[in-house]
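Numbering (this note's numbering), first residue to last: 390 to 660.
Every residue, glycine too, gets a C-beta built ideally from N, C-alpha and C.
To start, the structure itself, in structure tokens.
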Amino acid sequence: MAFLPDPITSPQNPRIKNLLRLQQKSSERRAQGLTIIEGLRELTIARGAGVAVPAVFVCPELAGPERQAQLRELLADGDTEWFPVSKAVFEKVAYREGSDGVLALARPPQLSLDDLQLPADPLLLVLEAVEKPGNLGAILRTADAARATAVIVCDPRTDLFNPNAIRSSIGCSFTVPTVATTRETLLAWCRRHGIRTYAAALTEQAVAYTSCDFRGPTALVMGTEADGLTPELMQACDQTIIIPMRGAIDSLNVSTATAILTFEAVRQREG
390 MAFLPDPITS
400 PQNPRIKNLL
410 RLQQKSSERR
420 AQGLTIIEGL
430 RELTIARGAG
440 VAVPAVFVCP
450 ELAGPERQAQ
460 LRELLADGDT
470 EWFPVSKAVF
480 EKVAYREGSD
490 GVLALARPPQ
500 LSLDDLQLPA
510 DPLLLVLEAV
520 EKPGNLGAIL
530 RTADAARATA
540 VIVCDPRTDL
550 FNPNAIRSSI
560 GCSFTVPTVA
570 TTRETLLAWC
580 RRHGIRTYAA
590 ALTEQAVAYT
600 SCDFRGPTAL
610 VMGTEADGLT
620 PELMQACDQT
630 IIIPMRGAID
640 SLNVSTATAI
650 LTFEAVRQRE
660 G
């Protein structure tokens, strides 16, 4: 691990300006093949998943000696550059309140569908055109908790490793194989692997999710909160399913709905 001896004290420092670009622009993240992880807990999970960390920016005043010691141990076996940063500068690049003074550059994995190692009965969570990083992060937490095989995003409107998605996932962006693809590619791939697709959608043909058998190769397909699934994807799925609503509201937040369906599949498989 290489250490920069003097702290960065100017927000005009080129490395700090690059951090801000990476935070704000998905095009920069794609071009550089990097993303940002804030927080020692999230970074620890990412390192446990084998993610490379080229650089870490640490505010000694916020991190404190104990957290810095933990960080040194965590990154001891890599080629990470260590940059101390003044509190004033760190607060300009930190994107959450109450930061612990740790922010890292990471190289996220770039997976395709063919990279996925499928078990005999995979459980896949499919999201169409997800645009809110917070929802993506929450669903990745569910996928990690349920030991889902993968999260697949069709035609995403946010990049999979948006820093806010990583924050919402508490680092589970790196523990669950995550793939971006197109609707057509996904459907052909599911057919090729014998994966049955269940579209969460309110249609006349929809059945209650509890009446379905999710024990075989299964893909749970979710749409956006605003528009739901596109007609093309909904009609191409094998079955439409619903979570019956008992009150005045007719739908749930997509991350909540995904969690309900996912853990019903887990319950059936464990039973």
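Suppose contacts are defined by Cβ-Cβ distances below 8 angstroms. Is residue i in contact with residue j by that definition?
i      : j      : result
GLN380 : TYR587 : Missing from the structure shown is residue 380; the chain here goes from 390 to 660 and no further.
GLY467 : VAL442 : yes
VAL515 : ALA608 : yes
LEU622 : GLU520 : no
GLN412 : ILE397 : no
ALA646 : MET611 : yes
ILE632 : LEU618 : no
THR561 : ASP602 : Per the sequence shown, residue 561 should be read as Cys rather than Thr. Going by C-beta atoms, CYS561 is not nearer than 8 angstroms to ASP602.
ALA654 : THR564 : no
GLU427 : ALA495 : no
LEU505 : VAL440 : no
VAL643 : ASN524 : yes
PRO566 : HIS582 : no
ARG585 : ARG658 : no
Please list the terminal residues of the continuous alpha helix (DSSP H) segment that includes residue i.
i      : result
THR647 : 643-659
GLU517 : Taken as a continuous stretch (DSSP letters only), GLU517 belongs to no alpha helix (DSSP H), being part of the beta strand (DSSP E) at 512-517.
PRO449 : 449-463
THR433 : 429-437
GLN624 : 620-625
Going by CA-CA distance only, name the one from the options that's closest to residue i.
i      : options                : result
ASP489 : GLU593, GLU431, MET634 : GLU431
THR592 : PHE603, PRO566, PRO620 : PRO620
In or out: residue i buried (at least 16 other Cβ within 10 Å) or exposed?
i      : result
ILE630 : buried
PRO508 : exposed
Going by DSSP, what residue range makes up the beta strand (DSSP E) through residue i?
i      : result
ARG496 : 491-496
GLU662 : Residue coverage of the chain in this structure runs from 390 to 660, which leaves residue 662 outside it and unanswerable.
ALA637 : Neither: ALA637 is in no beta strand (DSSP E) and is coded neither H nor E.
Is there contact between the region 522-540 and the region 454-467, where contact requires at least three CB pairs shorter than 8 angstroms? no
ask   = Are the region 476-486 and the region 399-411 touching by the rule of at least three beta carbon pairs closer than 8 angstroms?
value = yes
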